[in-house]
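In this note's numbering, the protein residues as written are 810 to 1160.
Backbone N, C-alpha and C fix where the C-beta goes; we use that ideal spot for every residue, glycine too.
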Ligand code: UDP
Ligand code: MG
């Protein structure tokens, strides 16, 4: 019996040149204004990929409980040169869940590419990513912001701190700045599907699986319309999510801080003994006592909070709820009339 999973049969070298498939997964949350234009660009791109690389494309729009007309618009998009799937989730489950839904519906044995639906990820770059997969044999081709010049100093420091912490002692480092715009080869996509966790930090998981990884620097375009749905508080949430799924560094830091405080307390105790017995002074205690009580109390509460985050994670993994529910699913094949597939109940049923 083995406890590993062999996905080697899906390696790019093993695949026949004629049968290459690419599924483009686009999570959509209130993106009605830009969807038609994005689709037009993807259709044009599909034609290029077919002609130059022999890649057959499909696009999967995952409507993550949009409040606007995104779903209605997505349903009407024409399958011009590429298959169009529309997967509508039963409510807003968050981007990570939407990406998972897309991955679950992507064609088995094909490569998968993830891109945002707001125009920030330039479709023109996709051909470069596909080239690194097909011609150079890379499995995970991820894009990273070429620079962060337009972000504030505080934001850059926070990002730096986050990656230092999450990569502390990690065998496979998550590259700082890498985004969700990335291509996974068939075997990398198959590997990602095998990961069972409910709390998904996609950037981390796509790195963790290994294989041949390649970085492509790019300049994200400004949002084509609307505003970002990731507020500072949501970013903090995502960071805690990432940290607790990928690293026990905060717990180790907590132990180290405890050790350090105990050591300082020991030295302090020694100095008090010295002052009492050698110098013959009685120690004036009140202020120092208050400070140390408050420090220790504060640090302990913080540590309990950190441990609580991990316990919360264990609880949500233990409940093992589906990551999302599909309310509606339709497929339109290029060159064929549309068909409506009715809702598979959940992720497990969608398999
Ligand atoms: N998104 C989603 N569900 C959400 C929030 C966002 O599917 O709950 C999608 C959104 O439609 C977009 C992508 O995730 O395609 C990135 O979102 P956004 O542009 O708000 O994030 P940012 O680019 O600022 O990180
Ligand atoms: Mg965006």
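Option in the options with minimal Cα separation from residue i
| i | options | result |
| --- | --- | --- |
| residue 873 | 1094, 881, 1053, 903 | 903 |
| residue 1029 | 1062, 957, 851 | 957 |
| residue 1094 | 975, 909, 935, 1077 | 1077 |
| residue 831 | 887, 876, 899, 942 | 942 |
| residue 1139 | 889, 895, 845, 955 | 895 |
| residue 1002 | 962, 1130, 1104, 911 | 911 |
| residue 999 | 1103, 944, 917, 901 | 917 |
| residue 1105 | 919, 1066, 881, 1130 | 1066 |
| residue 991 | 1012, 1018, 1086, 1134 | 1012 |
| residue 861 | 1047, 1071, 937, 1054 | 937 |
| residue 927 | 906, 843, 856 | 843 |
| residue 925 | 984, 989, 915 | 989 |
| residue 1036 | 839, 914, 814, 834 | 839 |
| residue 1009 | 1051, 1023, 994 | 1051 |
| residue 1143 | 1071, 891, 905, 1119 | 891 |
| residue 893 | 868, 913, 1118, 857 | 868 |
Continuous beta strand (DSSP E) stretch holding residue i: start and end
| i | result |
| --- | --- |
| residue 952 | 949-954 |
| residue 913 | Here residue 913 belongs to no beta strand (DSSP E); instead the alpha helix (DSSP H) covers 904-914. |
| residue 817 | Element bounds for residue 817: n/a, residue is neither H nor E. |
| residue 1036 | Note, residue 1036: premise wrong, no beta strand (DSSP E); not H, not E. |
| residue 990 | 987-993 |
Where the alpha helix (DSSP H) through residue i begins and ends
| i | result |
| --- | --- |
| residue 924 | Careful: residue 924 lies outside any alpha helix (DSSP H) and carries neither H nor E. |
| residue 969 | 962-975 |
| residue 1004 | Looking at the DSSP string, residue 1004 is not in any alpha helix (DSSP H), and its letter there is neither H nor E. |
| residue 1081 | 1058-1083 |
| residue 852 | 841-862 |
| residue 939 | 935-943 |
_If you measure from each CB to the nearest heavy atom of the ligand UDP and keep those under 7 angstroms, what residues do you get, in chain order?_
835, 836, 837, 838, 839, 840, 871, 873, 901, 903, 904, 907, 925, 926, 927, 929, 1032, 1037, 1038, 1039
*Touching by the beta-carbon criterion (3+ pairs, under 8 angstroms), the region 1035-1046 and the region 937-951*: no
*Taking one C-beta from the region 885-901 and one from the region 839-853 each time, how about it: are there three or more such pairs within less than 8 angstroms?*
Verdict: yes, contact present.
*Please confirm if the region 970-981 is in contact with the region 925-936, defined as three or more CB-CB distances below 8 angstroms between the two stretches.*
No: fewer than three Cβ pairs fall under 8 angstroms.
_Three CB pairs or more closer than 8 angstroms across the region 949-963 and the region 1017-1032_ = yes
*the region 1121-1137 / the region 1055-1070 touching (three or more Cβ pairs under 8 angstroms)*: no
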